[in-house]
Amino acid sequence: IGRIGVLTSGGDCAGLNAVIRAVTARAVNHYGLQVYGILDGTLGLMERPLRYVELAPSTFDGRIFREGGTVLGTTNKGDPFRFPMADGSVRDRSQDFGDGVRELGLDALVVIGGDGSMSIVSRLCHAVGVGMVGVPKTIDNDVHGTDFSIGHATAVGVVTDAMDRLQPTAASHHRVMIVEVMGRDAGYIAMQGGIAGGADVVLVPEIPYSMDGVATAIRKVLDRGRTHALVVVAEGVKRDDGTVVHLPASTRYGGIGHWLGERIADTTHTETRVTILGHVQRGGSPSPQDRLLASAFGVHAVDLVMRGQLDRMVAWRNLSVVDVPLSEVTIGARPLDPNGTLATTAHGLGIYIGDTEA
Ligand code: F6P
Numbered sequence: 006i007g008r009i010g011v012l013t014s015g016g017d018c019a020g021l022n023a024v025i026r027a028v029t030a031r032a033v034n035h036y037g038l039q040v041y042g043i044l045d046g047t048l049g050l051m052e053r054p055l056r057y058v059e060l061a062p063s064t065f066d067g068r069i070f071r072e073g074g075t076v077l078g079t080t081n082k083g084d085p086f087r088f089p090m091a092d093g094s095v096r097d098r099s100q101d102f103g104d105g106v107r108e109l110g111l112d113a114l115v116v117i118g119g120d121g122s123m124s125i126v127s128r129l130c131h132a133v134g135v136g137m138v139g140v141p142k143t144i145d146n147d148v149h150g151t152d153f154s155i156g157h158a159t160a161v162g163v164v165t166d167a168m169d170r171l172q173p174t175a176a177s178h179h180r181v182m183i184v185e186v187m188g189r190d191a192g193y194i195a196m197q198g199g200i201a202g203g204a205d206v207v208l209v210p211e212i213p214y215s216m217d218g219v220a221t222a223i224r225k226v227l228d229r230g231r232t233h234a235l236v237v238v239a240e241g242v243k244r245d246d247g248t249v250v251h252l253p254a255s256t257r258y259g260g261i262g263h264w265l266g267e268r269i270a271d272t273t274h275t276e277t278r279v280t281i282l283g284h285v286q287r288g289g290s291p292s293p294q295d296r297l298l299a300s301a302f303g304v305h306a307v308d309l310v311m312r313g314q315l316d317r318m319v320a321w322r323n324l325s326v327v328d329v330p331l332s333e334v335t336i337g338a339r340p341l342d343p344n345g346t347l348a349t350t351a352h353g354l355g356i357y358i359g360d361t362e363a
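Position in the sequence shown counted from 1, then plus 5, gives you full-length UniProt numbering.
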């Protein structure tokens, strides 16, 4: 092995630059490898001229790992097997990817992505015969095989910080504050941010709820003498009748929070205000936990490449960095709260999380 590529794929999050820096440091300083950073995910290898930069520890200048986003750029459009062309047609461009890998002389690829990206890039790597190691990233924390993915801890920090700011204004005006957080299919951010930020109600896509349940929970808080309440809802939650809220054409976000705000105002006769956190949760400087995770993941990913242990994803389990076969990861989203710790904690605090057994 003499030259490896590294790319970021799918939605960005905090901590990606810290992974790229760790991969580069380990590969160059310890193993004397050449590292090519591929620009804009798989696109950099599919387009001509090829788009990449050679990375060296000096590229990072002691600074870039502290920043959010990805210096390499990313994309969450453009599955090379079904690539959307400008004329509206769909084409298989996996061959372009393979040619790109060969042209650059890459011996292996480190792919920083969610389960969707990892599954696509792993198929591409198989087709071209190059090994790959995955590094899990997603603010949603729903990648199988790892307790934590890069970006999640920072996003939960953003939600918690927002709730620390919203509580005093809610208290001052005697309002119910609704905070809509990201999580299209997964409730990890809502559940963890809600518990950490002192929510009274947390709604997630995985757990059914009723408006009666929500209203009763809020009334209980108010009857006990508190004059405000905090509600967290994940973007993927549906209306209580199971229908999806129609979103404005300009954005995919900001639907359920507003719907819930109106329903809560109607059913509890309180004044409500709605905050949609949106992409704020994806940006900003990575938290210390994300920097540590990114560093451990980056170093371990390169070690796996050098040991020839390919087709694997680095993972964090029980206080250790480990690795798991990609086939165990790319099987769909990880279930929320597998051992029930979050639900038990929420119930213990008196938080309404839907119609589950306390
Ligand atoms: O997968 C992470 C996530 O943040 C989801 O919670 C959200 O629905 C999605 O990305 C937004 O992605 P984008 O706006 O980049 O399409």
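Every residue gets a Cβ at the ideal spot worked out from N, C-alpha and C, and that includes glycine.
All values derive from a computational prediction rather than experimental measurement.
Report whether the distance from the Cβ of residue i to the nearest heavy atom of the ligand F6P is below 7 Å.
i	result
ARG189	yes
GLU240	yes
GLY16	yes
THR143	yes
ARG339	no
ASN81	yes
GLY74	no
GLY192	no
GLY119	yes
Where DSSP assigns a beta bridge to residue i, which residues make up the other side?
i	result
TRP321	VAL326
GLY136	ALA113
VAL206	VAL236, TYR357
LEU21	The partner list for LEU21 (beta bridge, DSSP) is empty, contrary to what the question assumes.
From which residue to which residue does the beta strand (DSSP E) around residue i run?
i	result
LEU340	It should be noted that the sequence gives Pro, not Leu, for residue 340. PRO340 -> no beta strand (DSSP E), and no H or E assigned at all.
ILE183	180 to 186
residue 385	The shown model of the chain, from 6 to 363, leaves out residue 385, and the question about it has no answer.
ALA234	234 to 239
GLU59	57 to 60
Quick one, which of the options has its alpha-carbon nearest residue i's?
i	options	result
PHE153	GLU333, ARG244, VAL319	VAL319
PRO85	ALA91, VAL95, GLY78	VAL95
GLN294	VAL310, HIS305, TRP321	TRP321
residue 376	ALA158, GLY192, GLY162	The structure shown does not extend to residue 376, since the chain is modelled only from 6 through 363, so no value can be given for it.
ALA30	GLY46, ALA351, CYS18, VAL11	VAL11
ASP112	ASN146, ILE125, HIS131, GLY119	HIS131
VAL219	GLY230, ARG229, VAL207, ALA301	VAL207
Hey, is residue i's beta-carbon within less than 8 Å of any beta-carbon in chain B?
i	result
PHE102	Although the question refers to chain B, the structure presented lacks it and comprises just one protein chain.
Kindly examine the ligand SAH and report whether one of its heavy atoms sits closer than 7 Å to the Cβ of residue i.
i	result
ARG287	Although the ligand SAH was asked about, the structure shown includes only the ligand F6P as ligands.
Please report the residue range of the alpha helix (DSSP H) in which residue i lies.
i	result
LEU227	216 to 228
LEU298	293 to 312
THR272	261 to 273
Are the region 221 to 239 and the region 165 to 176 touching by the rule of at least three beta carbon pairs closer than 8 Å?
-> With the cut-off at 8 Å, the region 221 to 239 and the region 165 to 176 touch.
For the region 98 to 105 and the region 265 to 275, state whether three or more C-beta atom pairs, one from each stretch, are separated by less than 8 Å.
-> As far as the Cβ criterion goes, the region 98 to 105 does not touch the region 265 to 275, which means the pair count is below three.
Is it a yes or a no for the region 103 to 120 touching the region 131 to 145, going by three-plus beta-carbon pairs under 8 Å?
-> The region 103 to 120 is in contact with the region 131 to 145.
Within the chosen definition, does the region 48 to 65 reach the region 180 to 189 through at least 3 CB pairs nearer than 8 Å?
-> Fewer than three beta-carbon pairs drawn from the region 48 to 65 and the region 180 to 189 are found closer than 8 Å, and the two stretches are therefore not classed as touching.
So does the region 30 to 45 actually touch the region 301 to 319, counting three or more Cβ pairs closer than 8 Å?
-> Yes: at least three Cβ pairs fall under 8 Å.
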